[in-house]
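Asks: Numbering (numbering that gives the first Met the number 0), first residue to last: 0 to 378. The structure follows.
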Amino acid sequence: MDNDQGLRRFAQDVQKIKNAILQSRYRSASNANANLLSLYYGVGRYISANTRSGKWGTGAIEMISEQLQGEIPGLKGFSPSNMKNMRIFAEEWASELEPNRQLTTADLPANSIEVDASLIRQTVSAELDEIKSLAFCRVGFSHHREILRKCNSSAERWYYVMRCADEFWSFRSLKDHLLADEYVKYGSLPNNFSLTIPDEKTAAIALRSFKDEYLIDYIDIKESDFYDERDVDSAIAANVKKFIMIAGDGFAFIGNQYRLFVDSEEFFVDLLFFNRNLDCLVAFELKKDKFRPADLGQLSFYLTALDKYIRKPDENYSIGILLCQELNKTVVELAVRDYNKPLGVATYRLGTGIPDPYKSLIPLIDGVQQIVSEGEAEG
């Protein structure tokens, strides 16, 4: 065995040990989170049973919190507001996790709280499929709290729980996604993915990867200014980090006005990305005006050229998204049907779409959001 081969094998062994350490840490963190959710669920259920029945008087939660702080120095997470969050957590999820059980004192053991470390995991596994069960236990309590606070339906809650678990969203990232109302906007753009992407799973991921409207409010273009599509894509390229945050997870920027050569002729793709979740190139084509069916022909040609000259053999076929300022959904659905390339059409709005009377409030709103975020972090 030569020295180089020995070094490579040694590096591989180090990598295996590193992976084992990271996997062990991840499992420990996941188990710790499931245990904490179990504790909060059990306490929340007990609080609910006693407060909703009237057994505890007014101000009981505040008194219990104060006494706990005195008896367990350094205790965190049991402020009155967070204990009420535990109650909401238990009440809101009880119908799905324990559909045959009511949160009443009659169903609880006398003077005890069920906080078995495996309570959440066992309960969730019994009522939900394995994928949902794992996702539920991976999401932190602060994330659960925010999801319950902002989402009205079970389907919407599960959408964000699954996305948090799959994509490791931070709390700040979750708030941004909720603010963008992604549950409503993602997956609703007119497209032909189901007809042009053979693998159903990949087609479903593609549908979830794009919005029906993109708010590009950081571009300094006034309604009175004369501008064209190139001005917009140049501004997006200059602020590509912000656009990627708007676009969603998995996007890597390749370039704007991306040059394609086809038999010595030049063509330019407005914005070209690579999406890691879809393992394919994504071309965004910008149009200043209302959607026209002819625009799809141009975008479809770009996809053909990208697949022939740029796509790597192990990558999926390219996807194209046409961004226009106005569209008729029925017209778009008819237009995309006859193309054999994966195409979608969405609208975009510049900052000029914000009414003038409200623009002056933006700094104030940003300041309030910052104060609220700092307050939540301290709590």
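Quick reminder that beta carbons are idealized off the backbone N, C-alpha and C, glycines included.
Counting Cβ pairs, one atom from each stretch, are 3 or more of them under 8 Å apart for the region 329-339 and the region 197-214?
Replies: Touching, no, given that fewer than three Cβ pairs across the two stretches are closer than 8 Å.
Asks: Taking just the CA atoms, how far does A48 sit from W55?
Replies: The residue labelled residue 55 in the question sits at position 56 within the sequence shown. The residue labelled residue 48 in the question sits at position 49 within the sequence shown. Rounded to whole angstroms, W55 to A48 spans 10 Å at the Cα level.
Asks: Could you work out which residue in L333, Y347 and L285 is closest to G319 when comparing CA atoms only?
Replies: Here the question's residue 319 lines up with position 320 in the sequence shown. When each option's Cα is compared against that of G319, the closest is L285.
Asks: Could you work out which residue in M85, N18 and A334 is closest to Y40 when comparing CA atoms only?
Replies: Residue numbering aside, residue 40 sits at position 41 when the sequence shown is read from its first letter. The shortest C-alpha separation from Y40 is found at M85.
Asks: Per DSSP, what are the beta-bridge partners of K210 in this structure?
Replies: On the sequence shown, position 211 is the one that residue 210 refers to. In DSSP, K210 forms a bridge with Y185.
Asks: Which ranges would you report for the alpha helix (DSSP H) in the region 247-278 if only whole runs of at least 4 residues count?
Replies: List check, alpha helix (DSSP H) in window: nothing returned.
Asks: With a threshold of 6 Å on Cβ separation, who are the neighbours of V231 within its own chain once the five nearest residues in sequence on each side are excluded?
Replies: Position 232 of the sequence shown, counted from the start, is the residue given in the question as residue 231. Hits under 6 Å: L285.
Asks: Below 8 Å on the Cβ atoms is my guess for E145 versus K174; work out the distance and round it to an integer in Å.
Replies: What you label residue 145 is simply residue 146 of the sequence shown in a count that begins at 1. What you label residue 174 is simply residue 175 of the sequence shown in a count that begins at 1. That pair is a contact at about 6 Å.
Asks: So R258 and F272 are in contact, right, with Cβ under 8 Å, and what is the actual spacing, rounded?
Replies: Walking along the sequence shown from the start, residue 258 turns up at place 259. Walking along the sequence shown from the start, residue 272 turns up at place 273. Between F272 and R258 the Cβ distance is about 16 Å, and since that is not below 8 Å, they are no contact.
Asks: Three Cβ pairs or more, each shorter than 8 Å: is that satisfied between the region 247-261 and the region 284-299?
Replies: Judged by Cβ distances under 8 Å, the region 247-261 makes no contact with the region 284-299, as fewer than three pairs qualify.
Asks: Just mark A19 as buried or exposed, buried being the case when its beta carbon has 16 or more other beta carbons within 10 Å.
Replies: The residue labelled residue 19 in the question sits at position 20 within the sequence shown. The residue is exposed, with fewer than 16 neighbouring Cβ atoms inside 10 Å.
Asks: Hey, T304 and L322: beta-carbon distance below 8 Å or not?
Replies: The count along the sequence shown starts at 1 and reaches residue 304 at position 305. The count along the sequence shown starts at 1 and reaches residue 322 at position 323. A small fix is needed here, since residue 304 is Ala in this sequence, not Thr. No.
Asks: Let me confirm a value: N191 is counted as buried when at least 16 other C-beta atoms fall within 10 Å, else exposed. Which label applies?
Replies: Within the sequence shown, residue 191 is the residue found at index 192, counting from 1. Looking at its Cβ environment, which holds 16 or more other Cβ atoms inside 10 Å, N191 is buried.
Asks: Mapping the DSSP letters down to three states, classify I361 as helix, strand or coil.
Replies: Looking up residue 361 in the sequence shown gives position 362. Residue placement at I361 is poorly supported in this model, since its pLDDT is 41, which falls under 50; the coordinates are not used for a value here.
Asks: Provide the residue(s) that pair with N190 in DSSP beta bridges, ordered along the chain.
Replies: In the sequence shown, residue 190 corresponds to position 191, counting from 1. According to DSSP, which records beta bridges pairwise, N190 is partnered with G343.
Asks: Under 8 Å Cβ to Cβ from A109, same chain only, skipping five residues before and after it: list those, please.
Replies: If you number the sequence shown from 1, residue 109 lands on position 110. Annotation note: pLDDT 38 at A109 (below 50); position unreliable, coordinate value reported separately. The answer is none, since no qualifying residue turns up.
Asks: For W168, which residues in the same chain have their Cβ closer than 6 Å to its Cβ, ignoring the five residues on either side in sequence?
Replies: As a working note, residue 168 is residue 169 in the sequence shown. Counting only Cβ-Cβ distances below 6 Å, and skipping sequence neighbours, we find nothing.
Asks: Helix, strand or coil for G41? Go by DSSP, reduced to three states.
Replies: In the sequence shown, counting from the first residue as 1, residue 41 sits at position 42. Of the three classes helix, strand and coil, the one that applies to G41 here is helix, per DSSP.
Asks: With a threshold of 7 Å on Cβ separation, who are the neighbours of K83 within its own chain once the five nearest residues in sequence on each side are excluded?
Replies: Taking the sequence shown and counting its residues from 1, the one referred to as residue 83 is at position 84. Here the set comprises I60.
Asks: How many whole angstroms separate the CB atoms of L214 and G186, which I take to be in contact at a CB cut-off of 8 Å?
Replies: Numbered from its first residue, the sequence shown carries residue 214 at position 215. Numbered from its first residue, the sequence shown carries residue 186 at position 187. Wrong, their Cβ atoms sit about 17 Å apart, outside the cutoff.
Asks: Using beta-carbon positions only, say whether Y308 and A282 come within less than 8 Å of one another.
Replies: Locating residue 308 in the sequence shown gives position 309, where the first residue counts as 1. Locating residue 282 in the sequence shown gives position 283, where the first residue counts as 1. Not closer than 8 Å, so no.
Asks: Assuming G296 is part of the beta strand (DSSP E), what are its boundary residues?
Replies: The residue labelled residue 296 in the question sits at position 297 within the sequence shown. Note, G296: premise wrong, no beta strand (DSSP E); alpha helix (DSSP H) at A293 to Y308.
Asks: What is the rounded straight-line gap between the Cα of K241 and the Cα of T57?
Replies: Stepping through the sequence shown from its first residue, residue 241 is reached at position 242. Stepping through the sequence shown from its first residue, residue 57 is reached at position 58. C-alpha separation (whole angstroms): 47 Å.
Asks: Hey, would you say D278 sits closer than 8 Å to E314, going by beta carbons?
Replies: Within the sequence shown, residue 278 is the residue found at index 279, counting from 1. Within the sequence shown, residue 314 is the residue found at index 315, counting from 1. Taking 8 Å as the Cβ cut-off, D278 and E314 qualify as a contacting pair.
Asks: If you draw a straight line from the alpha carbon of S193 to that of A202, how long is it in whole angstroms?
Replies: Residue 193 sits at position 194 when you count from the first residue of the sequence shown. Residue 202 sits at position 203 when you count from the first residue of the sequence shown. For S193 and A202, the distance between alpha carbons rounds to 6 Å.
Asks: Hey, could you find the ends of the beta strand (DSSP E) C323 is sitting in?
Replies: Reading the sequence shown from its first residue, position 324 is the one you call residue 323. Here the beta strand (DSSP E) through C323 covers I318 to C323.
Asks: Should F88 and L147 be called a contact, given that it needs their Cβ atoms to be closer than 8 Å?
Replies: Position 89 of the sequence shown, counted from the first residue, corresponds to residue 88. Position 148 of the sequence shown, counted from the first residue, corresponds to residue 147. Yes. Within cutoff.
Asks: Output needed for V335: all residues of its chain with C-beta closer than 8 Å, excluding positions within five of it in sequence on either side, in chain order.
Replies: Indexing the sequence shown from 1 puts residue 335 at position 336. Within the same chain, V335 has close Cβ partners P189, N190, N191, L295, L342, G343 and V344.
Asks: When the distance is taken between beta carbons, is R137 closer than 8 Å to N274?
Replies: Working through the sequence shown from its first residue, we reach residue 274 at position 275. Working through the sequence shown from its first residue, we reach residue 137 at position 138. For N274 and R137, no; Cβs fall outside 8 Å.
Asks: Pull up the distance between the alpha-carbon of L74 and that of Q68, whole angstroms please.
Replies: Position 75 of the sequence shown, counting from 1, holds the residue named residue 74. Position 69 of the sequence shown, counting from 1, holds the residue named residue 68. Whole-angstrom Cα-Cα distance: 6 Å.
Asks: Output yes or no for whether 8 Å exceeds the beta carbon distance between F170 and H142.
Replies: On the sequence shown, position 171 is the one that residue 170 refers to. On the sequence shown, position 143 is the one that residue 142 refers to. It is a contact, given that the beta carbons lie within the stated cut-off.
Asks: Let's test the definition: count the other Cβ atoms within 10 Å of the Cβ of S317 and tell me whether it reaches 16, buried, or not, exposed.
Replies: For the purposes of this step, residue 317 is taken as residue 318 along the sequence shown, with counting starting at 1. The residue in question, S317, is buried, as its Cβ has 16 or more Cβ neighbours within 10 Å.
Asks: By how many angstroms is the C-alpha of K131 removed from the C-alpha of S299?
Replies: As a first step, residue 299 is located in the sequence shown; it is residue number 300 there, counting from the start. As a first step, residue 131 is located in the sequence shown; it is residue number 132 there, counting from the start. Between S299 and K131, the C-alpha separation is close to 37 Å.
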